[in-house]
Amino acid sequence: MTDIASIATSHLDPDYNDSALVDLNLIDRHDWSGIVTKLQHTLTHSPPLSKYATAKAHASNVSAISSHVLNLAVNQIDMLESGSTDLRAMIGPNPALITLFFTLHEFYSISIAKTTAFLLRLTSTAPKGSLLLIVDSPGADAALPDSSNNKGEEKRYPLEWLLYRALLPPKSSSANSEEEEQPAWAKLIKGGHEKEYKLPAELRFPGSLENTRLQVHLLERL
C-alpha cells in the first residue's frame, strides 16, 4: 500500500469536527475507502456481544475510541503525479506529522526522478515545524544506469543516501558562507537508522507474529 498519513486534512469536509484531537488523512493511488471506513466503524463502535452476555459485560462494552476523537479523510491520489497544490491542500497550514510507511522504496522503484521531485514538492509545501517520518525495509535500494561504463550496467544506491541527497543536499563549496542556503530539514535521528523490534518471549497472540527489522528516518521542517 502506497500511503502518506498526515495529522492534517482539508477542512472542506462537511463532517469536519473542530473538537477532534487528530486529523488523519490517508492517501493512496488505490481506493481504500471501503476498508478504512470499516476499520473506523470498528474503532468507534462498541463490539457486538452475545445475547447471553452478562450485565457486567454490557456495562463495560465500550468503543476503542470516541467517534469525536478522529477526523478521517481518504484520498485516492498518485502522489508521484501530484502537484504542490494537491499537497498543500492535504497537509494544511499547520505543522503536521507526515508519514511514509513502506512507501518510499516503492516510489524509488517506479522512478527516482519522480520521487526526488515529490520530496522537493513536499519540502516546499510542508509548514515549518512539521515532522516527516519514514519507515521502510532495511537495506532498501534503487538502481540507476552506471555512467562510468558502457556495458549498460546499473549502480545501486541505498534508500537512505537518495533520501538525504534530496532533503539535505551537500553544502555548497562556495567561499561566501553568508549566501549559503540554509537546510530545509533537520535530522532528529542522527544515526543507527536500522531498528529491530523483538517480541517479548512471554507474548501470546492468536495470530502469527514475528520479529521485525526496519529502517526509520525522522526529520523536522525548519
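Each residue of the sequence shown is one higher than the one before, counting from 1121 in the numbering used here. We put the CB at the ideal spot given by N, CA and C, even for glycine.
Beta-carbon proximity of residue i to residue j, cut-off 8 Å
i        : j        : result
Asp-1256 : Leu-1224 : yes
Glu-1274 : Leu-1288 : no
Arg-1341 : Ala-1246 : yes
Phe-1238 : Phe-1221 : no
Leu-1338 : Ile-1309 : yes
Ile-1232 : Ala-1260 : no
Ala-1140 : His-1178 : no
Rounded C-alpha distance that separates residue i from residue j
i        : j        : result
Glu-1322 : Met-1199 : 41 Å
Ile-1155 : Thr-1236 : 30 Å
Leu-1345 : Pro-1290 : Limits of the chain in this structure are 1121 at one end and 1342 at the other, which puts residue 1345 out of reach.
Lys-1248 : Tyr-1172 : 54 Å
Pro-1352 : Ser-1170 : Absent from the structure is residue 1352, since the part of the chain shown begins at 1121 and ends at 1342.
Ser-1186 : Pro-1215 : 24 Å
Thr-1174 : Ile-1147 : 42 Å
Tyr-1277 : Ser-1229 : 11 Å
Gly-1327 : Leu-1279 : 31 Å
Lys-1176 : Ser-1244 : 54 Å
Lys-1234 : Thr-1219 : 18 Å
Asn-1181 : Glu-1301 : 56 Å
Ala-1165 : Thr-1157 : A quick correction: the sequence has His, not Ala, at residue 1165. So the two alpha carbons sit approximately 12 Å from each other.
Ile-1254 : Pro-1168 : 36 Å
Leu-1190 : Lys-1318 : 30 Å
Pro-1213 : Pro-1320 : 41 Å
Ile-1211 : Thr-1205 : 10 Å
Asp-1143 : Ala-1184 : 17 Å
Environment of residue i [buried if 16+ CB atoms lie within 10 Å]
i        : result
Leu-1252 : buried
Asp-1123 : Low local confidence applies: a pLDDT of 42 at Asp-1123 is under 50, so the model's placement there is unreliable, and no value is given.
Asn-1145 : buried
Leu-1207 : buried
Leu-1159 : exposed
Gly-1203 : exposed
Ser-1250 : buried
Leu-1242 : buried
Phe-1325 : exposed
Extent of the continuous alpha helix (DSSP H) to which residue i belongs
i        : result
Val-1156 : 1153-1164
Thr-1205 : 1204-1211
Ile-1079 : Since the first and last residues shown for the chain are 1121 and 1342, residue 1079 lies out of range.
Met-1236 : What sits at residue 1236 in the sequence shown is Thr, not Met. Looking at the DSSP string, the run of the alpha helix (DSSP H) that includes Thr-1236 is 1232-1245.
His-1178 : 1175-1179
Limits of the beta strand (DSSP E) - the one that residue i falls within
i        : result
His-1337 : 1332-1341
Lys-1307 : 1305-1307
Tyr-1317 : 1314-1317
Arg-1276 : 1274-1278
Ala-1263 : 1261-1265
Val-1142 : 1142-1148
Phe-1222 : Where Phe-1222 is concerned, there is no enclosing beta strand (DSSP E), given that its DSSP letter is neither H nor E.
Val-1255 : 1251-1256
Residue i Cβ short of 7 Å to the ligand NAD heavy atom set
i        : result
His-1150 : You won't find the ligand NAD in this model; it holds no ligand whatsoever.
Subject >> Validate contact between the region 1283-1293 and the region 1304-1312 using beta carbons, cut 8 Å, 3 pairs >> reply: yes
Original post:
Do the region 1307-1319 and the region 1327-1334 meet, that is, are 3 or more Cβ pairs less than 8 Å apart?
Top reply: yes
**OP:** Spell out a yes or no on whether the region 1184-1198 and the region 1145-1153 are touching, meaning 3 or more CB-CB pairs, one atom from each, closer than 8 Å.
**Re:** Cβ pair count under 8 Å is three or more, so yes.
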